[in-house]
Amino acid sequence: MTAVTKKQIDTLAKVQQIEIETGKLKAYLNKVPARINSLEQELEKFIRSVEDDEAAIEEFNKQYRAFEADVQLNLIKIQKSQEKLRSVKTNKEYQSSLKEIDDAKAVNSKLEDVMLEILEKIETAETAIKDRKQHYAQIVDESNREKETIERDAEQREEILVELESKRASIAAEIDAGLLEIFNQVKKKQGDLVAIVTVQDAVCQGCNMNIPPQVYNELQRCDSLKYCPSCFRIIHWQEQNERSE
Ligand SMILES: [Zn+2]
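For the numbering used here, count along the sequence shown from 1 and bump the result up by 3.
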């Protein structure tokens, strides 16, 4: 058994407490980039969907204008044919002009049907993005604000982390090097951050198993290093009045 003082074990427990806190902070901070990334991706997706819909509407408008120009050309053609009709000399010419007019009118009628369909598509698409466009600025704003909040919060936690780490270093400096080494080894074996735990009512607070009465009695003397026989963590005695700290 390593001979240690109660003061050394208490100091080690303080280091442990800080490490648990810094561990939580680090785990939290590690997730921050992913949170910001998903926020940005969500916003990009929204912006892209509005842009895509606007591009589709623009394309329908282009098609509409092209058909409209075709209709105008046909109207001019009809007008010319009607003028020609007044000066034709033969029946054959007359019939041919009439057919030109009828053909052009038929084409225009089809074009106008298609144009109506396009107008309906434009209307449907505009209704679909109207709501999104109305809330566009608000959604962008909210997303950016949330990102700022996350970043500001992360900065504050980074500062706390730096403070805690320097506090840990200065407290750890008071601990015997051999005891710190044992602490680090137990941590490594545990595979988590917790190597020293308290015992309350003879129950190990690391694994919730009972500590044998003899070990529990020796533990209260605080003059040597004791381990939980179940989880092998260092156990330490904490006075009732110290527990609320
Ligand atoms: Zn235990």
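No residue lacks a Cβ here, since even glycine has one placed at the ideal position from N, Cα and C.
Contacts around residue i, its chain only, beta-carbon distance under 8 Å, and the 5 residues preceding and following it disregarded
i	result
P216	A205
G129	A small correction: the amino acid at residue 129 is Glu; Gly does not occupy that position in the sequence shown. Closer than 8 Å at the Cβ level, and outside the excluded window around E129, lie I60.
V53	I132, R135, K136, Y139
T25	L164, L167, E168, R171
L114	F70, D73, V74, N77
E221	S227, K229
Y67	M118, I121, L122, I125
Y97	L88, V91
I250	Lying outside 4 to 248, the shown extent of the chain, residue 250 is not represented and no answer is given.
K29	L164
I214	V202, A205, V206, C207, L222, C231, P232, I238
Residue i classed as buried or exposed, judged by whether at least 16 other C-beta atoms fall within 10 angstroms
i	result
M118	buried
T8	exposed
M4	In this prediction, M4 scores a pLDDT of 48, lower than 50, which makes its location untrustworthy; no coordinate-derived value is stated.
H138	exposed
M69	In the sequence as displayed, the identity of residue 69 is Ala instead of Met. It is exposed - the Cβ of A69 has fewer than 16 other Cβ atoms within 10 Å.
N147	exposed
Q141	exposed
S90	exposed
A58	exposed
S112	exposed
A176	exposed
I23	exposed
K191	exposed
Paired residues, beta bridge with residue i - DSSP
i	result
H138	None; H138 has no bridge partner.
K229	I238
Q211	Here residue 211 turns out to be Asn, not Gln, going by the sequence shown. BP columns for N211 are empty, so no partner.
Residue i Cβ short of 7 Å to ligand 2 heavy atom set
i	result
G209	Absence of ligand 2 is noted for the structure shown, with ligand 1 being the only ligands found.
Given residue i as reference, the closest of the options once Cα atoms are compared
i	options	result
P232	N211, Q223, C225, E242	N211
A37	E154, Q188, I214	E154
A109	E123, L78, N64	L78
D56	S100, E162, T127, N33	T127
I237	A157, R224, G209	G209
K27	W240, D195, R224	D195
D144	K29, L46, T14, L32	L46
D13	V200, S112, I23, Q188	V200
Q159	I214, Y31, K191	Y31
D156	S100, K10, V35, Q19	V35
T152	I50, I39, N213	I39
Q19	C225, R224, K92, V189	V189
C225	A16, I174, W240, Q203	W240
Own chain partners of residue i with C-beta closer than 6 Å, once the 5 adjacent residues on each side are dropped
i	result
S247	Its pLDDT being 48, under 50, S247 is placed unreliably by the model, and the measurement read from it follows with that caveat. Excluding positions up to five away in sequence, the list is empty.
F63	I121, K124, I125
K80	A107
E315	Any property of residue 315 remains undetermined from this structure, which presents the chain solely from 4 to 248.
Own chain residues within Cβ distance below 7 Å of residue i, not counting five before or after
i	result
Q11	I178, D179, L182
L42	S146, E149, K150
Q193	R236
E161	L32
S100	S84, K87, L88, V91
A198	Q19, F186, V189, K190, R236, I237
Which residue spans inside the region 137-209 form an unbroken beta strand (DSSP E) run of at least 3? 199-203
Continuous alpha helix (DSSP H) assignments of at least 4 residues falling wholly in the region 64-132: none
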